[in-house]
Structures are given as C-alpha cells and as structure tokens.
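Numbering (our numbering), first residue to last: 57 to 353. From the three backbone atoms N, C-alpha and C, an ideal C-beta is built for every residue, glycine too.
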Amino acid sequence: MRDFLDWVYEKATADGGSNAGRTANKSRENLRAILSWAWEQDFLEKLPRLPKPKPQRDVAGRHYLTKADLNALYFATYELERPRGWRQPLTVGHYWRTALVIFFNYGVDTGTVFKTAAFHEPILWRHVCWRPEPPNGQGKDSRYGWLYYRRVKTKKQFYRPMNRVVQVHLKNLRRDVVEPDQPVFHCGTSRPNAQFQRLCTLAGVKPKQDVETGEEKPWVLKDLRKTCATYYDEHMPESSIEILGHSVGGVTYRHYAHRDPLAFKAIMSLPQPTAFTALVHGFDGECPCCRRRFRQA
Numbered sequence: 057m058r059d060f061l062d063w064v065y066e067k068a069t070a071d072g073g074s075n076a077g078r079t080a081n082k083s084r085e086n087l088r089a090i091l092s093w094a095w096e097q098d099f100l101e102k103l104p105r106l107p108k109p110k111p112q113r114d115v116a117g118r119h120y121l122t123k124a125d126l127n128a129l130y131f132a133t134y135e136l137e138r139p140r141g142w143r144q145p146l147t148v149g150h151y152w153r154t155a156l157v158i159f160f161n162y163g164v165d166t167g168t169v170f171k172t173a174a175f176h177e178p179i180l181w182r183h184v185c186w187r188p189e190p191p192n193g194q195g196k197d198s199r200y201g202w203l204y205y206r207r208v209k210t211k212k213q214f215y216r217p218m219n220r221v222v223q224v225h226l227k228n229l230r231r232d233v234v235e236p237d238q239p240v241f242h243c244g245t246s247r248p249n250a251q252f253q254r255l256c257t258l259a260g261v262k263p264k265q266d267v268e269t270g271e272e273k274p275w276v277l278k279d280l281r282k283t284c285a286t287y288y289d290e291h292m293p294e295s296s297i298e299i300l301g302h303s304v305g306g307v308t309y310r311h312y313a314h315r316d317p318l319a320f321k322a323i324m325s326l327p328q329p330t331a332f333t334a335l336v337h338g339f340d341g342e343c344p345c346c347r348r349r350f351r352q353a
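This is the structure in structure tokens:
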C-alpha cells in the first residue's frame, strides 16, 4: 500500500500536479473504502493499517473553514441583531456561539441544533447529562458529562462525552429553571442558513470557491460538518468516521469494536479554536488575547 501511494504521489508530481499530496490522500481514502468493504465481506481477517497521509497544500476556504474563520465567526456573533419578536432571556449571539462549538466538536446536522422542520429532533435539555456516568451504561466516565443526539437522516443515536469547552458553553445557556423538553438552541429565524451567511458577512469570511470553476458560493451550516471531519482527521486519523456517523464507500463501522474508545479520546483532546476557549477562561464578551470588549448589537 505504501508503494502504491508513493507511486500515485510521484506520478501526480511528474504530471505537473500542483497538489500531489492531496491526490495521494484521495487515493488513500478510496483504498480505505475498498479494504473496509473487503473486511465487511470477510475477505480480510482484519483491517490493515494504512500509511500516514501525505503532506498536502492547505486548500482551506474552499472545502472547510479554517480556525481563523471560526474565531472570526465566534466573535462576530456579538454583532448579530436582535430578531424581531425575540423573547429569550439571552441574546441570539449566546445561542450561536454555543451552536458553533457543537457543530465543530460533533459535526451534527443543522436540524439537530435548530429545529426548522417538523421531522427534526433538536437537542433538548433532557439530552444534556451533567453526571460523569454514561447515560447508556456503556464506556467509561466523562468528567464533564454527556450529550445525546440523533442524526436527522439516519436516525442513528449518539451518546457523546462533553469536553470542557462544550460543557462550559452549554452551562452558559442554562437558566436556573429549565423545562427538560425545551430545546437548548434558538436562532430567532426559520432560516438558520441565511443567518449563518449574515454571520459570515459580519466576520469577513469570504465565500467558498469551487476548485474547478472558480465560482464563489456562500457557506452553509453543513459545511461545518466537513470542517469538523477535517480537524478530527488532522488530530487523530480515521476518527471522523465514527464521530460523524459516516459510512465510507457504503461501508458502516458498526462492528468495528475499537471505534467508540477512539471517538472518546478524540473528542476529549481535540484542539479548539482560540475563540472557543475564551469562555473557559472567564472572558465572556471580550477577546482572550487583548481583553478588548466586543460591541454587542
């Protein structure tokens, strides 16, 4: 496998490719899908370990948001205008900051955070468990508690550990008295993607660009799912498969015994964008670097 991927890399370079590492890494993903299918069909006794990905030129801004983009988006939430008829005790920016943290750490569907259709099952307060014991009785304790949610498309259930950043942001939304069946998030509109694009404008995040045509397209919330996958695989290769509930080449990983411990370790150790840690250090409404207060809309 190493020889094959080296050959792909060398051929891409010889053909004048501008990003041979990315070409080799795409071949690596296809190879992984084929091997996984063979393993599911019992043609292989176990999945072989793939060589590490090749270094590739960063093409962020086209496929996923950079951490600089995420920092800018987080701080831009302070400038979001109060929606018409807004009756929540917190500003809309409070909910969007925590939503960005949830999207980045778990790669959830838009409908899991913001209910905009009847079939969406958003995260409710009863889905947030502050105790360390796993709610489903499986796995080890999580010192910061647990979060339950269900995927919109597949209805697959997840019990995920909360890391410190996630826990602090959810606690920041919790009022003294909350109804267990009350949704955690409110975005003040039935069109969260439009509000997200407004946030991108406030943050100065440029539209994504199609690599082939050069056409500019606005960012949408599902791009945060791609962003999540990108940073998990950069942090701990292969971890995004389980965390996002992906199937690779039609192959599911439900029988892969070590995926849950891998996901646990990845979630608890994922490096966070600097802005996300501001609240952890007690900086609510000010830059954690220079302590400049943000203008609140």
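| Asked | Found |
| --- | --- |
| Assuming residue 91 contacts residue 103 under a Cβ cut-off of 8 Å, what Cβ separation, rounded to an integer in Å, is found between them? | 6 Å |
| Spatial neighbours of residue 182 within its chain, please: CB distance less than 6 Å, with the 5 preceding and 5 following residues excluded, ordered by chain position. | 236 |
| At the level of alpha carbons, what is the spacing between residue 221 and residue 335? | 8 Å |
| Ends of the beta strand (DSSP E) at residue 216? | 213 to 217 |
| What residue range is occupied by the uninterrupted beta strand (DSSP E) comprising residue 203? | 202 to 206 |
| What is the residue span of the alpha helix (DSSP H) that residue 256 lies within? | 248 to 259 |
| Excluding the 5 residues preceding and the 5 following residue 171 in the sequence, name in chain order all residues of the same chain whose CB lies nearer than 7 Å to its CB. | 178, 239 |
| How long is the line joining the alpha carbons of residue 322 and residue 57, rounded to whole angstroms? | 26 Å |
| Which of the three DSSP states is assigned to residue 190 in this structure? | coil |
| Decide if residue 341 is buried, meaning its Cβ has at least 16 other Cβ atoms within 10 Å, or exposed. | exposed |
| Hey, residue 136 and residue 258: beta-carbon distance below 9 Å or not? | yes |
| Using a 10 Å radius around the Cβ and a threshold of 16 neighbouring Cβ atoms, would you call residue 110 buried or exposed? | buried |
| Under the three-state reduction of DSSP, which class applies to residue 144: helix, strand or coil? | coil |
| Going by the CB atoms, is the gap between residue 106 and residue 88 shorter than 9 Å? | yes |
| I need the straight-line Cα distance from residue 175 to residue 327, nearest angstrom please. | 33 Å |
| Between the Cα of residue 145 and the Cα atoms of 101, 225, 230, which residue gives the shortest distance? | 230 |
| How about residue 84 and residue 61: are their beta carbons less than 9 Å apart? | yes |
| What did DSSP end up calling residue 396 once you bin it into helix, strand or coil? | Outside the modelled stretch of the chain, which goes from 57 to 353, sits residue 396, for which no answer is possible. |
| Is the beta carbon of residue 277 closer than 9 Å to that of residue 294? | no |
| Using DSSP with H/G/I as helix, E/B as strand and the rest coil, what is residue 335? | coil |
| Should residue 310 be labelled buried (16 or more other beta-carbon atoms within 10 Å of its own) or exposed? | Residue placement at residue 310 cannot be trusted, given a pLDDT of 44 that sits under 50; what the coordinates show is reported in the next sentence. Exposed, since its Cβ has fewer than 16 Cβ neighbours within 10 Å. |
| By the three-class DSSP mapping on this structure, what secondary structure does residue 300 have? | coil |
| For residue 289, which residues from the same chain have a beta carbon less than 7 Å from its beta carbon, with the 5 sequence-adjacent residues on both sides left out? | 295, 296 |
| If you drop the 5 nearest sequence neighbours on each side, which residues of the same chain put their C-beta closer than 7 Å to that of residue 371? | Residue 371 lies beyond the range of the chain shown here (57 to 353); nothing can be said about it. |
| Measure the CB-CB distance between residue 119 and residue 262 and report whether it falls below 9 Å. | no |
| Tell me whether residue 318 sits in a helix, a strand or coil according to DSSP, three-state version. | helix |
| DSSP on residue 284, reduced to helix/strand/coil? | helix |
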